[in-house]
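Quick notes on the structure that follows.
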Amino acid sequence: MSRAAASPALAQPPRSDVRHGTARRPRRPRRPGARRALRVVVALLPVLAAVAGPPAAAGAATGTPVRLPVMPSRLAAGAACTGGSATVARATPWEQRSLELTRVREFASGAGVTVAVVDTGVSLKAPPLAGRVAAAGQAGDDCVGHGTFVAGLIAAAPVKGVAFAGAAPQARVLAVRGTDERGAATAATVAAGIRAAVDAGARVIAVSPAVPRSSAALRSAVSHAVGHDALIVAAAAPDAPRDSTSSAAPPADYWPAGEPGVLSVVDVDVQGRRPRGAVVPIHADLAAPGDGVLGIGPRGHGHFIGSGPSLAAGYVAATAALVRSAHPGLSAAGTARRLITSAYPADVPRLDPFGAVTRVAGEAAGRVTPAAGSGPVRLETDASGAGATRRALMAAGAAGSLVLAVLWAAAVGPKGRARRRGPAGDETPPP
């Protein structure tokens with residue numbers, strides 16, 4: 110059968126429109142594939158919005174925003190002690206979403222591990238820490254509130270109706286004073302705090318102060334911790350002063366973070382960047398959330414907001430407790446190595462608690478030693494290295510590829526079938 114015989118309408122001239130006296134154009138054939146593709150794309154729009162929108166790691170917590178008081182790291186002379194907060198934040202804070210703590214708690218809780226907090230003290234009056242804190246000397250009283258805040262990041266108990274809880278909620282906290290009552294620290298006060306923490310049996314030691322000079326006593330205290338298989342997690346730089354108008358200090362080393370065997374930590378914000386105005390160290394082993402993070406106060410059930418490398422160090426110390434709880438045979442050096450090697454790759458690796466706890470790897474010999482670097486700590490200019498962001502981008506890419514595949518199949522499919530079959534009843538391919 111000829112092609113003209115198979116489609117006689119194609120051989121006829123256009124009909125005249127009697128009403129207008131114009132030639133009527135041939136009617137275009139329907140394209141069901143295009144309509145089908147449009148329907149599929151519309152159906153997939155919610156999926157694309159879910160995976161390509163702001164990732165959980167870099168998004169604000171759900172719920173109504175609340176204004177919280179700021180937790181200081183030290184108090185000015187004559188300032189009143191930090192009181193309780195009247196505001197309770199019930200939504201999940203961004204940093205805990207970023208660290209995926211809900212997933213991690215399915216595998217480890219910090220049970221059986223004592224974490225010392227060398228800071229301004231830890232208040233024994235903070236309800237979320239009730240029954241979880243032992244204090245060395247006068248460290249059970251916290252005028253500043255900062256040490257209590259850090260201890261809450263580590264081991265605050267879950268509260269019904271409140272999403273925030275400590276990263277290692279079943280760990281024990283040892284309160285050790287590493288500053289004076291107003292929060293000022295020296296190499297001597299930090300050294301005394303570290304030594305007291307080791308002697309009390311702490312397996313992880315979170316050190317909030319970062320002092321500009323080391324000392325023989327501080328070096329000896331760090332060696333004492335290493336010799337007793339206690340992992341020191343320290344802020345790589347001091348917390349930025351509030352309302353500071355002075356020019357930024359040049360990059361420098363700070364202690365005890367600069368000592369061999371100490372795991373040093375810097376803070377990043379919700380975008381994965383160092384916060385504006387942050388003090389820059391020369392070296393850091395890990396980066397963790399520490400800008401605008403949620404925490405508890407020295408009394409009451411209300412919450413505060415805080416920022417600084419000391420808070421990031423608190424999250425790393427909590428993760429170290431999770432690792433040592435899940436892998437009790439792992440040494441302090443092995444725990445530090447696992448935290449670093451399981452972290453998200455970046456110039457300063459970003460903490461991944463889930464990877465650190467669940468990763469299957471053998472422990473190699475050696476100690477944590479700061480790598481020799483020729484310049485200060487640098488971080489990526491975006492959050493693409495963060496885990497949840499990376500997963501969101503991968504999901505968005507996969508969904509986008511799916512949509513393109515559907516569009517291609519819908520558009521090309523009918524043409525392909527027509528090309529294979531030719532006109533109706535003719536199996537001969539067209540020329």
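Under the numbering used here, think of the first position of the sequence shown as 110, with each following residue one higher.
By construction, the Cβ of each residue, glycine as well, lies at the ideal position given by its N, Cα and C atoms.
Small disclaimer: the values here were computed from a predicted structure and weren't measured.
Report buried or exposed for residue i, applying the criterion of at least 16 other Cβ atoms within 10 angstroms of its Cβ.
i, result
"Asp-620", "Lying before the first or after the last residue shown, residue 620 is absent from the chain, which here runs from 110 to 540."
"Val-379", "buried"
"Arg-322", "exposed"
"Glu-368", "buried"
"Gly-193", "buried"
"Val-316", "buried"
"Pro-454", "exposed"
"Ala-260", "buried"
So, helix, strand or coil for residue i, using DSSP?
i, result
"Ala-442", "helix"
"Pro-237", "helix"
"Tyr-453", "strand"
"Ala-366", "coil"
"Gly-531", "Note that Gly-531 scores a pLDDT of 43, beneath 50, so its modelled location is shaky; the value from the coordinates is reported in the next line. In this structure, Gly-531 counts as coil in the three-state DSSP scheme."
"Ala-244", "strand"
Could you name the residues that DSSP lists as bridge partners for residue i?
i, result
"Asp-338", "For Asp-338, which the question treats as bridged, DSSP gives no partner whatsoever."
"Thr-584", "The structure shown does not extend to residue 584, since the chain is modelled only from 110 to 540, so the question has no answer here."
"Arg-286", "Asp-228"
"Leu-372", "Val-342"
"Ile-314", "Ala-225 and Ile-341"
"Leu-395", "Val-374"
"Gly-404", "Phe-413"
"Pro-390", "Ala-361"
Going straight from the alpha carbon of residue i to that of residue j, what length do you get?
i, j, result
"Leu-177", "Ala-217", "30 Å"
"Pro-202", "Ala-397", "14 Å"
"Ala-297", "Arg-446", "28 Å"
"His-436", "Tyr-363", "31 Å"
"Ala-346", "Gln-247", "26 Å"
"Pro-384", "Val-179", "16 Å"
"Thr-444", "Arg-408", "33 Å"
"Ala-265", "Ser-207", "18 Å"
"Arg-212", "Ala-186", "43 Å"
"Ala-245", "Val-231", "10 Å"
"Ser-440", "Ala-387", "32 Å"
Near residue i, which residues of its chain fall below 7 Å by C-beta distance, leaving aside the five closest residues on each side in sequence?
i, result
"His-333", "Arg-304 and Val-307"
"Gly-403", "Here residue 403 is Leu; the residue named in the question, Gly, does not match the sequence. These residues qualify, in order along the chain: Ala-198, Pro-202, Phe-273, His-412 and Ile-414."
"Gly-302", "Val-227, Val-285, Arg-286 and Gly-287"
Answer yes or no: the CB of residue i versus the heavy atoms of the ligand NAP, is any distance below 8 Å?
i, result
"Ala-260", "The ligand NAP is absent from the structure shown, which contains no ligand whatsoever."
Which residues in the same chain as residue i place their Cβ atom closer than 6 Å to its Cβ, once the five residues preceding and following it in sequence are excluded?
i, result
"Ala-195", "Gly-411"
"Ala-300", "Ala-326, Leu-327 and Ala-330"
"His-337", "Val-307"
Using a C-beta cutoff of 9 Å, does residue i count as contacting chain B?
i, result
"Ser-419", "Protein chains in the displayed structure number just one, and chain B is not present."
Between residue i and the rest of its own chain, which residues show a CB-CB distance below 8 Å, the 5 nearest in sequence each way excluded?
i, result
"Arg-183", "Thr-229, Val-253, His-255, Thr-288, Arg-291, Gly-292 and Ala-293"
"Ala-318", "Ala is not the amino acid found at residue 318; the sequence shown has Pro there. The answer, listed in chain order, is Val-227, Asp-228, Gly-287, Thr-288, Ala-294, Thr-298, Val-299, Ala-344, Pro-347 and Ser-419."
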